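2 protein chains.
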Amino acid sequence: MKTLMAMGGALNSKKPEVLREFVRRAGGRAARIVILPQASSLADTGPGYITQFLALEAQSATALEFYRRDEAGAQPQIQSLREATGVFIAGGNQMRLSILYGGTALETELHAAYQRGCVIGGTSAGAAILSKTMIAYGKTGPTPRERIAQFIPGFGFTDKFVFDMHFRQRDRLGRLIYAVATCPAVLGVGVDEDTAAIVEDDTTISVCGSGGITIIDGSQIANTDVAEVEKGGPVAVSGLTIHVLTKDCCYSRETRAALLPEKALLSE
Amino acid sequence: MKTLMAMGGALNSKKPEVLREFVRRAGGRAARIVILPQASSLADTGPGYITQFLALEAQSATALEFYRRDEAGAQPQIQSLREATGVFIAGGNQMRLSILYGGTALETELHAAYQRGCVIGGTSAGAAILSKTMIAYGKTGPTPRERIAQFIPGFGFTDKFVFDMHFRQRDRLGRLIYAVATCPAVLGVGVDEDTAAIVEDDTTISVCGSGGITIIDGSQIANTDVAEVEKGGPVAVSGLTIHVLTKDCCYSRETRAALLPEKALLSE
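Here the protein sequences line up with chains A and B, keeping their order.
Mapping of the first sequence onto this note's numbering: position 253 corresponds to residue 257, and the numbering continues sequentially without gaps.
Mapping of the second sequence onto this note's numbering: position 54 corresponds to residue 58, and the numbering continues sequentially without gaps.
Here's what the structure looks like:
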């Protein structure tokens, strides 16, 4: 099975429910985790996550510590990725990741790892970069507006979903609606802080963590003026379908339907 | 025709597009406007709006200045309302309005005015109180959570819609989804600042102003656990339909469909 975990940032380090689920899916005590720390500008990001993953009883955890493109793809890095059962991408600025890894041998290895079942997880910027089209930066808050978000290519493990993180906390509905309105074939997934959207086989999404995720489905959009609006004006979009999902809920891209945990089902 | 104008607060006083539309619908140069200033705690709220409405060439503007229940319903107040073509309810704390007007002769006169075609408009708290069930207060920002919003009865000009103001600016999606999830028969209408949702005959909504409105339709909700969640936990809701509408868009409660201005229609 192929697995992505898009984490919403601000993970709770005292109740590490999300990282525990990541380690569990990566093999638990057999998990060999490789950390990509470069989106962060803090020197202790790699060592900090190593400590956390070892505390969660992963078998091993190592960080790929390099900060120049010509250092990407050294043999020990390649070897670590080939042995990894989980790859964790830290938060910060997602453009640092795309600039450093894009088109390198390491990027190829990341895709090979994903295809053979290595769990790929990232938080905040590390989650944004999972998708083919990622929101690189944008304005928060208001109604969707022309150019409220700017897109650049991410690592591209999926082209079915686009993720936005710190979702409620930073009021990013406007820019995620904008992303979906401009590309209705892609499902928008807004992930709250301390929460993860877990994507299996590019099809189903489940939720873990203390917050919620918001799935924006543009396939039923009746009308939008997104192509006509100029100069940052507000954008109209009619007929979005939205699902707000919490822990243990799941959603299928194929049926476009959500399942809530059994005790909550209205119909039972 | 019966008309409500729910305005999102923070009206632009230099480009008073929303108040100009209110005066226009109240009769333009024949408009006789009565202001309810009590939600505000500022002494110059009434005089301030009088100045604005006269500048917009209304025929007359007067404020009902009283701050005790036993002063509600004096004959000059009643007379003003009987002659009014527009009633404007200022912003502040909506509970001050319900406490002061609820059950008085003035409230009866307000309903009579609405029924005979007097335009009833309000901004911020003054818009919240238009509906039968109003969001009295609540937490901003996060995912819908158990008890994120508290409801009390408003003036009740409509029981088909519930309004929430400063919508994007204060990140109120969570609480409006909560309101709709608990009562799917009511359409949630989130109104941005300097923007108005104009409700005609309790059926159609159009938009004026610089921002947008967000209509949340819960009639297709597939499942929600809103009745089960405890202790402020996050609420799951699947299958909401959302329309983000801007100036000159309109929406019909009967067809549950939105119309965008012609030039923006995808289908044409």
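Yeah, the Cβ is synthetic: ideal placement off N, Cα and C, and Gly gets one too.
All of these numbers come straight from a predicted model, not from anything done at the bench.
For Leu23 of chain B, there are no C-beta contacts with chain A under 8 Å, since the nearest C-beta of that chain is about 19 Å from it. Nearest to Ile156 of chain A by alpha-carbon distance, out of A:Gly222, A:Ala129, A:Cys122 and A:Pro41, is A:Ala129. Note on geometry: alpha-carbon atoms of Leu110 of chain A and Ala76 of chain A lie some 6 Å from one another. Look at the stretch 191-221 of chain B: the residues with a C-beta under 7 Å from a C-beta of chain A are Asp196, Gly215 and Gly216.
In its chain, beyond the 5 residues on either side, Val211, Gly216, Ile217, Ile219, Tyr255 and Ala262 have a beta carbon closer than 7 Å to the beta carbon of Leu249 of chain B.
Interface with chain B (8 Å Cβ-Cβ cutoff): Cys254 of chain A is excluded. Using a CB distance cut-off of 8 Å, Ile181 of chain A counts as an interface residue toward chain B.
If you draw a straight line from the Cα of Ser84 of chain B to the Cα of Ala67 of chain B, it is about 9 Å long.
Taking Gly52 of chain A as reference, the option from A:Ala62, A:Glu61 and A:Pro41 with the minimal CA-CA separation is A:Pro41.
Annotated three-state conformation of Phe57 of chain B is helix, per DSSP. At a cut-off of 8 Å, the C-beta of Asp168 of chain A has no neighbouring C-beta in chain B. At a cut-off of 8 Å between beta-carbon atoms, Pro188 of chain A makes no contact with chain B. Partner residues in the beta bridge of Leu249 of chain B, as assigned by DSSP, are B:Ile217. Across the structure, Pro265 of chain A and Lys18 of chain A are spaced so that their CA atoms are roughly 26 Å apart. About 6 Å separates the beta carbons of Thr7 of chain B and Glu204 of chain B, which is inside the 8 Å limit, making them a contact pair. Residue-level contact by beta carbon holds for Asn227 of chain A and chain B, with a gap shorter than 8 Å.
Judged by DSSP in its simplified three-state form, Pro157 of chain A adopts strand. Taking 8 Å as the CB threshold, Ser128 of chain B stays off the interface with chain A. Listed along the chain, the chain B residues whose CB falls inside 8 Å of the CB of Leu244 of chain A are Thr245, Ile246, His247 and Val248. Assignment of Val166 of chain B by DSSP, reduced to helix, strand and coil, places it in the strand class.
Separation of the CB atoms of Met11 of chain A and Ala200 of chain A is rounded to 4 Å, and the pair is thereby assigned contact status at 8 Å.
For Ser135 of chain B, the beta-bridge partners assigned by DSSP are B:Thr162. Val190 of chain B carries a coil assignment under DSSP once its states are collapsed to helix, strand and coil. Listed as beta-bridge partners of Met11 of chain A by DSSP are A:Thr127 and A:Ala200. Residues Pro157, Gly158, Gly160, Thr162 and Asp163 of the same chain have their beta carbon placed closer than 7 Å to that of Lys136 of chain B, with the five preceding and five following residues left out of the count. Residues of the stretch 5-18 of chain B with a C-beta less than 8 Å from any C-beta of chain A: none at all. Taking each of A:Leu15, A:Ala94 and A:Gln79 in turn and checking the Cα distance to Ala43 of chain A, the smallest one comes out for A:Ala94.
Tyr118 of chain B: member of the alpha helix (DSSP H) spanning Ala109 to Gln119, first to last residue. In the three-state scheme derived from DSSP, where H, G and I count as helix and E and B as strand, Gly90 of chain B is classed as strand. Across the set B:Gln224, B:Ala116 and B:Pro20, the C-alpha of B:Pro20 shows the shortest separation from the C-alpha of Ala59 of chain B. Residue range Cys254 to Ser256 is occupied by the beta strand (DSSP E) that includes Ser256 of chain B. Contact with chain B is absent for Val91 of chain A, since none of that chain's Cβ atoms lies less than 8 Å from the residue's Cβ. Secondary-structure assignment with DSSP links Val195 of chain A through a beta bridge to A:Ile217.
By DSSP's assignment, Ser242 of chain B forms a beta bridge with A:His247 and B:Asn227. The alpha-carbon separation between Ser214 of chain A and Asp198 of chain A amounts to approximately 6 Å. For Leu244 of chain B, the closest C-alpha among the options B:Arg257, B:Gln224, B:Met9 and B:Leu46 is that of B:Gln224.
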